[in-house]
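Notes to accompany the following structure.
Number of protein chains: 2
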Amino acid sequence: MTEMTRRHLLGAAAATAVAPLAAAPAFATAPVAGKQVPTYYRSKLGDFEITVVSDGARPIPLPPRFVLNVPNEEVLKAAEAAYMPKGTVFAPFNPIVVNTGSKLVLIDTGYGPIAPTVGMLPQSLAAAGIDPKTIDIVLISHMHGDHINGIKNPDGSLAFPNAEIKVPAVDWTYWMDDGNMAKASEGFFKASFGFNRKIFGDMKDKVTRFDWGKEVAPGIISVETAGHTPGHTSFVIASGSSKLFFQGDVSNAPALFLTNPDWQIMFDSEPDKAIATRRRVYDMAAAEKMFIAGYHFPFPGLGWVEKAGTGYRLVPAPWNPVI
Amino acid sequence: MTEMTRRHLLGAAAATAVAPLAAAPAFATAPVAGKQVPTYYRSKLGDFEITVVSDGARPIPLPPRFVLNVPNEEVLKAAEAAYMPKGTVFAPFNPIVVNTGSKLVLIDTGYGPIAPTVGMLPQSLAAAGIDPKTIDIVLISHMHGDHINGIKNPDGSLAFPNAEIKVPAVDWTYWMDDGNMAKASEGFFKASFGFNRKIFGDMKDKVTRFDWGKEVAPGIISVETAGHTPGHTSFVIASGSSKLFFQGDVSNAPALFLTNPDWQIMFDSEPDKAIATRRRVYDMAAAEKMFIAGYHFPFPGLGWVEKAGTGYRLVPAPWNPVI
Chain W
16 MTEMTRRHLL GAAAATAVAP LAAAPAFATA PVAGKQVPTY YRSKLGDFEI
66 TVVSDGARPI PLPPRFVLNV PNEEVLKAAE AAYMPKGTVF APFNPIVVNT
116 GSKLVLIDTG YGPIAPTVGM LPQSLAAAGI DPKTIDIVLI SHMHGDHING
166 IKNPDGSLAF PNAEIKVPAV DWTYWMDDGN MAKASEGFFK ASFGFNRKIF
216 GDMKDKVTRF DWGKEVAPGI ISVETAGHTP GHTSFVIASG SSKLFFQGDV
266 SNAPALFLTN PDWQIMFDSE PDKAIATRRR VYDMAAAEKM FIAGYHFPFP
316 GLGWVEKAGT GYRLVPAPWN PVI
Chain B
16 MTEMTRRHLL GAAAATAVAP LAAAPAFATA PVAGKQVPTY YRSKLGDFEI
66 TVVSDGARPI PLPPRFVLNV PNEEVLKAAE AAYMPKGTVF APFNPIVVNT
116 GSKLVLIDTG YGPIAPTVGM LPQSLAAAGI DPKTIDIVLI SHMHGDHING
166 IKNPDGSLAF PNAEIKVPAV DWTYWMDDGN MAKASEGFFK ASFGFNRKIF
216 GDMKDKVTRF DWGKEVAPGI ISVETAGHTP GHTSFVIASG SSKLFFQGDV
266 SNAPALFLTN PDWQIMFDSE PDKAIATRRR VYDMAAAEKM FIAGYHFPFP
316 GLGWVEKAGT GYRLVPAPWN PVI
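First to last, the sequence lines map onto chains W and B. So that you can map any letter, position 32 of the first sequence is 47 in this note's numbering, and since no number is skipped, the others follow by simple counting. So that you can map any letter, position 308 of the second sequence is 323 in this note's numbering, and since no number is skipped, the others follow by simple counting.
Written out as structure tokens, the structure is:
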């Protein structure tokens, strides 16, 4: 029986059942909406306005060695204990727009339409009323596909045609080196080199490389948090006494990698360094109650990190229905 | 200096500064949006569609005895440790709409416009494309103002004119009793009796009273969770093998009352019974990994409750940008 037939029959049965009740109101069967609310979220940060603009999310089927130093059964168990869809890790992608009053800055650009439920940045920006042509600066935390692919539209044109594109100098040197590409292992790392060539191959003279500890946009400082990639960078966004620490990929899914900060995710270029960076960042975050934006934290990805057990835990900021 | 003048000057200064850089893009200063995304969230539950439709949120300044059996300093400390605005508890209000395919059911109706940041249910429904005239059934978990006031518009007309209004029979008997009102303490409890008269005074013959353990709408069963009010009711919403437990006010802010389930919030009619109910519900929720909707949990208020320390903790469901 088709869904429509089933519904029709159920509808007819319901109509028969209520017919004798003269006092019953005029029941209206509303169609299922089937459409999520636009996925952006606004927050004030001093005089700045932050808009988290989702690029979507997807359950990643766990590959055989998702965490290098832990048996996959343990990872599967932890993911399931964290209520993730069985056999997967749920990965959101959260670029953010910072309106500093003088500049409109986009941090990271999403994966592009590689799957039906990602590459949603253009529609999130549109829903938030942000015209891509008004983005002044694009900052890249590190040169992985899910952070850089959105720099170009599927037709190869620039998604943010008026923006200065700024990338970490150390990552540029690493990822644009053909010798490094030749040595890269198959799969994720080879693919990452490919994404970089696709996006940056014809714009080598148009990309600004930045160092750590610099003001890369008004009120935004680049901070060394290397390990996940050689040039992985976080950003401290500050206005007045308010600060937000955009952590990029210091850790991935918090239920797995804050709880177990010593787990080596397969995407880390330098796993030991990534672990040391993670502990350094989160020890500081916990001590200073830093407000953090996590690119792979559950949308909108804003919150605080606390020590818990031998690791850490995320305390998500409560959703504020007004700004 | 006005904000406009300041911006104008800063804009001029910026223009001067970048003028020599011929290669610099045409910087656009986008206005601050200042407007939050519409606050609703959709989720599938078997064949049902759930839409959490926010009535808003507000920081409640802590009264001298917010928790009856704990010194206020301890409560203030816990609230601050949970990153709440100093001296306040942040309270969201999360009514939900269940589309069962045959009926459109609203559970709880919000506070009405008693403050600028609450009474937002009508605009959340509008944003979600839900016409109040299409609501078939309104279910009330308990007869406190922040759950019933939205039944009427500020002009006294019915907000859901075609809906059958269904309230817990035990709460009706308690709150509509003039003797109980005469005995009520000043403040919150007296005010609650007042709200009930304002909303229900002229519709005594139009309200359906339901008992516990009944199917009060298709696929929705009323469950006794008394203590917060004498007739406080939760709802199990079930479609196929999927279930959602709408807990109403079994607990308020999770950072305070899941962590400390024995704290007696000043709004509980029967504090000891409320504690026993809370532990009974959450012990079961933890054991069965029940999916829970919390009216005062951070929006959208969906997640799971786990045992933690001597109490519990909320694991919020990750936001899904697609449905």
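From the three backbone atoms N, C-alpha and C, an ideal C-beta is built for every residue, glycine too.
Under a criterion of Cβ atoms nearer than 8 Å, the residues of chain B adjacent to W:Gly71 are, in order, Pro336, Val337.
Any Cβ of chain B closer than 8 Å to the Cβ of W:Val113 would place that residue at the interface, and such an atom is absent. Per DSSP, W:Ser284 lies in no beta strand (DSSP E) and is assigned neither H nor E. Across the set W:Val47, W:Asp193, W:Glu179, W:Met281, the C-alpha of W:Met281 shows the shortest separation from the C-alpha of W:Asn267. Restricted to the segment 107-157 of chain B, the alpha helix (DSSP H) segments that are unbroken, complete and at least 4 residues in length are 136-142, listed in chain order. At a cut-off of 8 Å between beta-carbon atoms, W:Lys50 makes contact with chain B. W:Ser139 has its alpha-carbon roughly 19 Å from the corresponding atom of W:Ser172. With respect to W:Val337, B:Thr132 sits close: the two C-beta atoms are nearer than 8 Å. For B:Phe225, the enclosing beta strand (DSSP E) covers residues 222-225. Its chain contains Ala72, Arg73, Pro74, Ile75, Asn267, Ala268, His311 as the residues whose beta carbon lies nearer than 8 Å to that of B:Ala106, once the 5 sequence neighbours on both sides are disregarded; these appear in chain order. If you check the CB distance, B:Thr223 and B:Lys181 come in under 8 Å. If you draw a 10 Å sphere on the C-beta of W:Met158, you find 16 or more other C-beta atoms in it, and that means buried. Around the beta carbon of W:Gly324, fewer than 16 other beta carbons lie within 10 angstroms, which makes this residue exposed. Runs of the beta strand (DSSP E) spanning 3 or more residues and lying entirely within the segment 38-94 of chain W occur at 55-60, 63-68, 72-76, in chain order.
For W:Ile252, not one C-beta of chain B is nearer than 8 Å to its own C-beta.
Apart from the 5 residues on each side of it in sequence, B:Gly134 sits with its Cβ closer than 7 Å to the Cβ of Asp70, Gly71, Gly125, Tyr126, Gly127, Pro128 in its chain, given in chain order. Of all residues in the segment 286-319 of chain B, those with a C-beta nearer than 7 Å to a C-beta of chain W are Pro313, Phe314, Trp319, reading in chain order.
Across the set B:Ala300, B:Ala184, B:Leu136, the C-alpha of B:Ala184 shows the shortest separation from the C-alpha of B:Ile155. Going by DSSP, B:Val185 is part of no beta strand (DSSP E) but of the alpha helix (DSSP H) stretching over 184-190. Identification of residues in the segment 102-126 of chain W having a C-beta nearer than 8 Å to some C-beta of chain B yields Phe105, Pro107, Asn114, Gly116, Ser117, Lys118, Leu119, given in sequence order.
Listed as beta-bridge partners of B:Arg295 by DSSP are no residues whatsoever.
Counting along the chain, the unbroken beta strand (DSSP E) around B:Lys322 starts and ends at 317-323. Between B:Tyr98 and W:Trp319 a beta carbon distance of about 6 Å is seen, short of the 8 Å cut, so the two are scored as contacting. The beta carbon of B:Glu64 falls within 8 Å of a beta carbon belonging to chain W, placing the residue at that interface. Nearest CB-CB separation between B:Ala143 and chain W: below the 8 Å threshold.
A Cβ-Cβ separation of about 6 Å places W:Val120 in contact with W:Ile235 under the 8 Å criterion.
The beta carbon of B:Glu239 lies closer than 6 Å to those of Trp227 in the same chain, with the five residues before and after it left out. Taking C-beta atoms under 8 Å as the contact rule, W:Ser237 and W:Thr248 qualify, at a distance of about 5 Å.
The CB of B:Val330 comes closer than 9 Å to the CB of Ala97, Tyr98, Ala270 in chain W, given here in chain order.
Counting only Cβ-Cβ distances below 8 Å, B:Val47 has contacts in chain W at Glu64, Asn114, Gly116, in chain order. In chain order, Pro336 make up the part of chain W whose C-beta sits under 7 Å from the C-beta of B:Met135. For B:Lys304, the number of other beta carbons within 10 angstroms of its own is below 16, and it is reported as exposed. Look at B:Thr54: its C-beta is under 8 Å from a C-beta on chain W. B:Leu60 sits away from B:Ser207, with the two beta carbons spaced by 8 Å or more. Burial state of W:Asp161 is buried, judged by a 10 Å Cβ sphere holding 16 or more other Cβ atoms. Within chain W, no C-beta atom comes nearer than 8 Å to that of B:Thr325; the closest sits roughly 16 Å away.
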